[in-house]
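K.L.:
Those sequence lines, one after another, are chains D and S. Note that this note's numbering has the first sequence beginning at 339, numbered continuously upward. Note that this note's numbering has the second sequence beginning at -8, numbered continuously upward. Could you have a look at this structure, given as structure tokens, before my questions?
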Amino acid sequence: MAPVSRDRAQLLLVGGLVIAVGLVGLAIVLNSGIYTHNLASRADPIASEAAGHTAVVRDSVGGLVEFAVRQHPDREGEQVHNVTAGVSNVSDLLAREAAGRAVLTNATVAATTNGTKVNQTAETGDRAFTSAAVDYDWEVVTGAEGIRAFRMDVRRTSLDDHAGVTFGDFTGDEFNVTFAPSSGDDWNVSVYRDSGTDTTIVTVTNVDTGRSFGPCTDDTGSRTEIDVTDATVAGEPCDALRRLDALATPFDLEFHNAGEAEGSYGLVVVDALDVDDTNLADAGDPGPSELDTLYSVDVVVRFRSQRVDFRTTITVAPGELDG
Amino acid sequence: MDSPELVADRRGVSTAIGYVLTLSIATLLIGGLLVGLGSFVDDQRTGTARDELRVIGQQVAADLAAADRLARIGSPTEVRVHRQLPDSVTGAGYLVEIDDGSPVRIVLRTESPEVVVEMAVHLGTPVGDTTVRGGDLVVRLDTTPSNELVIDSA
Chain D
339 MAPVSRDRAQ LLLVGGLVIA VGLVGLAIVL NSGIYTHNLA SRADPIASEA AGHTAVVRDS
399 VGGLVEFAVR QHPDREGEQV HNVTAGVSNV SDLLAREAAG RAVLTNATVA ATTNGTKVNQ
459 TAETGDRAFT SAAVDYDWEV VTGAEGIRAF RMDVRRTSLD DHAGVTFGDF TGDEFNVTFA
519 PSSGDDWNVS VYRDSGTDTT IVTVTNVDTG RSFGPCTDDT GSRTEIDVTD ATVAGEPCDA
579 LRRLDALATP FDLEFHNAGE AEGSYGLVVV DALDVDDTNL ADAGDPGPSE LDTLYSVDVV
639 VRFRSQRVDF RTTITVAPGE LDG
Chain S
-8 MDSPELVADR RGVSTAIGYV LTLSIATLLI GGLLVGLGSF VDDQRTGTAR DELRVIGQQV
52 AADLAAADRL ARIGSPTEVR VHRQLPDSVT GAGYLVEIDD GSPVRIVLRT ESPEVVVEMA
112 VHLGTPVGDT TVRGGDLVVR LDTTPSNELV IDSA
């Protein structure tokens, strides 16, 4: 009997070995799966960090440009100098902060673009948006390749009254800002009021199709600030003005029925275009005038981390249409 | 067993027959165990390989999307997104194929076990048709002649 029982034990041993080998195989497969799922669930913000870093540089340099323009009006050389020095400081600050996360960053100015600011200030009080020669319909800029920081501040009571007029219908007397590209559709930004509700109304119309967008309204206070390029009316987002992002370049910028709006405005355009001096007032006189102003800065942004190597050149033109 | 009559009585009992019966039953049991366990492990391996390829595909898609996003910021001259990936899934090597189109198709395949996983990602930047062996990868922007994303082995 003894030899038979020994044989049985051997078979049990073989069976156990087979089960053990199977379990080891399963463990290897499971381990492989766990490793991959561990990879999948790791936090991975590095790629989006590069985009975020570029956005921070864009915002910072945009602030520098606006500050330099405000501090040194009509002195382009000093604006460029200050922005270039400021970008270097911004780069150092960001690089120091990024180094703690094992990321190398750098930002340098590659080029600057000169521009012209056309503005009518509020220093001498409200004035109609007419030319220096008091033309009601006049061309502010010819052949603009780009426009930024186009802001208007209007007194509501000066605007054409549309009380009782259905939206989309026009009296023909409202103040219009017309963007007329050499190819593509013309766009009108109409500014008027409803005296019944004491509201400023801004409407955007595709002149070629006749389709109107908006209205964007403001019934606070007695004045309304319209940021055409940032698409806001009295600080609130205005989707209708976003339609202008589709504007083709180059375009002419015209004011029509400029007697139907009083207040101040300012806009910056690229230098290599025609601003008709006969429409502008001499320095110190009331009416629209022009100033030499930095239009945009090209900045080379570098970002290097363990996972991402990124280098790009961004154009920073604060308050520009389409970006 | 206490009765000497019964112990001495070995009629109808053959050592050979007992041995053969024992061996046969044991062989059947172990064979069944081998076949059952083998196919179970194979099924698990195939399922795990599919899961792993899916995860790897999603990571490749995420890197393509990240590179695409970076490639559309300003005028980029360098975009490289590195990714550490396993060289094999459940012990077998695999291939990563990228087919340009709208959407871009990502195909991952192993031969043993034979598993194919496909996924799609929408990108704004064109992608070069590529096949690379699994392992560490880099998605880079090829700027000549025009912007195109390319996947290389790192």
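Ideal Cβ placement from N, Cα and C applies to all residues, glycine included.
(1) Check distances from the C-beta atoms of the stretch 370 to 381 of chain D to those of chain S and list, in chain order, the residues that come in under 8 angstroms.
(2) Going by DSSP, what residue range makes up the beta strand (DSSP E) through H594 (chain D)?
(3) By the three-class DSSP mapping on this structure, what secondary structure does D556 (chain D) have?
(4) Considering only residues of the stretch 411 to 449 of chain D, which uninterrupted alpha helix (DSSP H) runs meet the minimum length of 4 residues and lie entirely inside it, listed in chain order?
(5) Taking the alpha carbon of K455 (chain D) as the point to measure from, which residue in D:A437, D:N514 and D:V478 has its own alpha carbon closest?
(6) Could you tell me which chain D residues have their CB closer than 7 angstroms to the CB of S66 (chain S), listed as they occur along the chain?
(7) Using the beta-carbon of each residue, which ones in chain D are nearer than 8 angstroms to D42 (chain S)?
(8) Roughly how many whole angstroms lie between the Cα atoms of N369 (chain D) and T39 (chain S)?
(9) Of the residues that make up the stretch 628 to 646 of chain D, which ones have a beta carbon closer than 7 angstroms to any beta carbon in chain S?
(10) Compare the C-beta of G657 (chain D) with all C-beta atoms of chain S and state if any pair is closer than 8 angstroms.
(11) Whose C-alpha, out of D:E598, D:I366, D:S643 and D:D609, is nearest the C-alpha of R494 (chain D)?
(12) Could you work out which residues of chain S lie near I357 (chain D), taking near to mean beta carbons separated by less than 9 angstroms?
(13) Would you kindly work out how many angstroms separate the C-alpha atoms of V168 (chain S) and V646 (chain D), rounded to a whole number?
(14) Return helix, strand or coil for V342 (chain D), following the three-state DSSP convention.
(15) Are N452 (chain D) and L629 (chain D) touching if we call contact CB-CB under 8 angstroms?
(16) Are the C-beta of A365 (chain D) and some C-beta of chain S separated by less than 8 angstroms?
(17) Residue ranges of each beta strand (DSSP E) run of no fewer than 3 residues wholly in the stretch 510 to 583 of chain D, ordered along the chain?
(18) In this structure, how does DSSP classify F488 (chain D) when only helix, strand and coil are distinguished?
(19) Using the three-state DSSP reduction, which class does S93 (chain S) fall into: helix, strand or coil?
(20) DSSP three-state call for H73 (chain S): helix, strand or coil?
(21) Using a 10 Å radius around the Cβ and a threshold of 16 neighbouring Cβ atoms, would you call S521 (chain D) buried or exposed?
(22) Could you round the C-beta distance between D91 (chain S) and G119 (chain S) to whole angstroms and report it? I think they count as a contact, below 8 angstroms.
(23) What does the alpha-carbon distance come out to for the pair D615 (chain D) and L431 (chain D)?
(24) Going by DSSP, which residues form a beta bridge with G38 (chain S)?
(25) Drop a sphere of 10 angstroms on the beta-carbon of S496 (chain D), count the other beta-carbons inside from all chains shown, and report buried for 16 or more, exposed for fewer.
(26) Answer with buried or exposed for R439 (chain D), where buried requires no fewer than 16 other C-beta atoms within 10 angstroms of its C-beta.
P.N.:
Looking at the coordinates:
(1) Shown in chain order are the members of the stretch 370 to 381 of chain D whose Cβ falls below 8 angstroms from a Cβ of chain S: S370, G371, Y373, T374, H375, L377 and A378.
(2) Per DSSP, the continuous beta strand (DSSP E) segment holding H594 (chain D) begins and ends at F589 to H594.
(3) Note: D556 (chain D) maps to strand in three-state DSSP.
(4) Runs of the alpha helix (DSSP H) inside the stretch 411 to 449 of chain D: 414 to 437.
(5) Of the listed residues, the one whose Cα sits closest to K455 (chain D) is D:V478.
(6) What S66 (chain S) touches in chain D: T650 and T651.
(7) Near D42 (chain S) (Cβ distances below 8 angstroms), the residues of chain D are G371, T374 and H375.
(8) N369 (chain D) and T39 (chain S): Cα-Cα distance of roughly 10 angstroms.
(9) Hits within the stretch, in order: R645 and V646.
(10) The C-beta of G657 (chain D) comes no closer than 8 angstroms to any C-beta of chain S.
(11) Ranking the options by Cα distance to R494 (chain D), first place goes to D:E598.
(12) Contacts between I357 (chain D) and chain S, judged by CB atoms closer than 9 angstroms, involve L24 and L28 in chain order.
(13) Any property of residue 168 (chain S) remains undetermined from this structure, which presents chain S solely from -8 to 145.
(14) Its pLDDT being 49, under 50, V342 (chain D) is placed unreliably by the model, and the measurement read from it follows with that caveat. Taken through DSSP and simplified to helix, strand or coil, V342 (chain D) comes out as helix.
(15) Between N452 (chain D) and L629 (chain D), the CB-CB gap reaches or exceeds 8 angstroms.
(16) Contact of A365 (chain D) with chain S is not assigned, every C-beta pair being separated by 8 angstroms or more.
(17) Listed in chain order, they are 513 to 519, 525 to 532, 537 to 544, 549 to 556 and 561 to 565.
(18) F488 (chain D): strand per DSSP, three-state reduction.
(19) If DSSP states are grouped into helix, strand and coil, S93 (chain S) belongs with coil.
(20) The DSSP-derived three-state label of H73 (chain S) is strand.
(21) Under this definition S521 (chain D) is an exposed residue.
(22) Between G119 (chain S) and D91 (chain S) the Cβ distance is about 7 angstroms, and since that is below 8 angstroms, they are a contact.
(23) Rounded to whole angstroms, D615 (chain D) to L431 (chain D) spans 43 angstroms at the Cα level.
(24) Paired residue(s): none; G38 (chain S) is not in a bridge.
(25) Residue environment for S496 (chain D): buried (at least 16 other C-beta atoms within 10 angstroms of its C-beta).
(26) So R439 (chain D) ends up on the exposed side.
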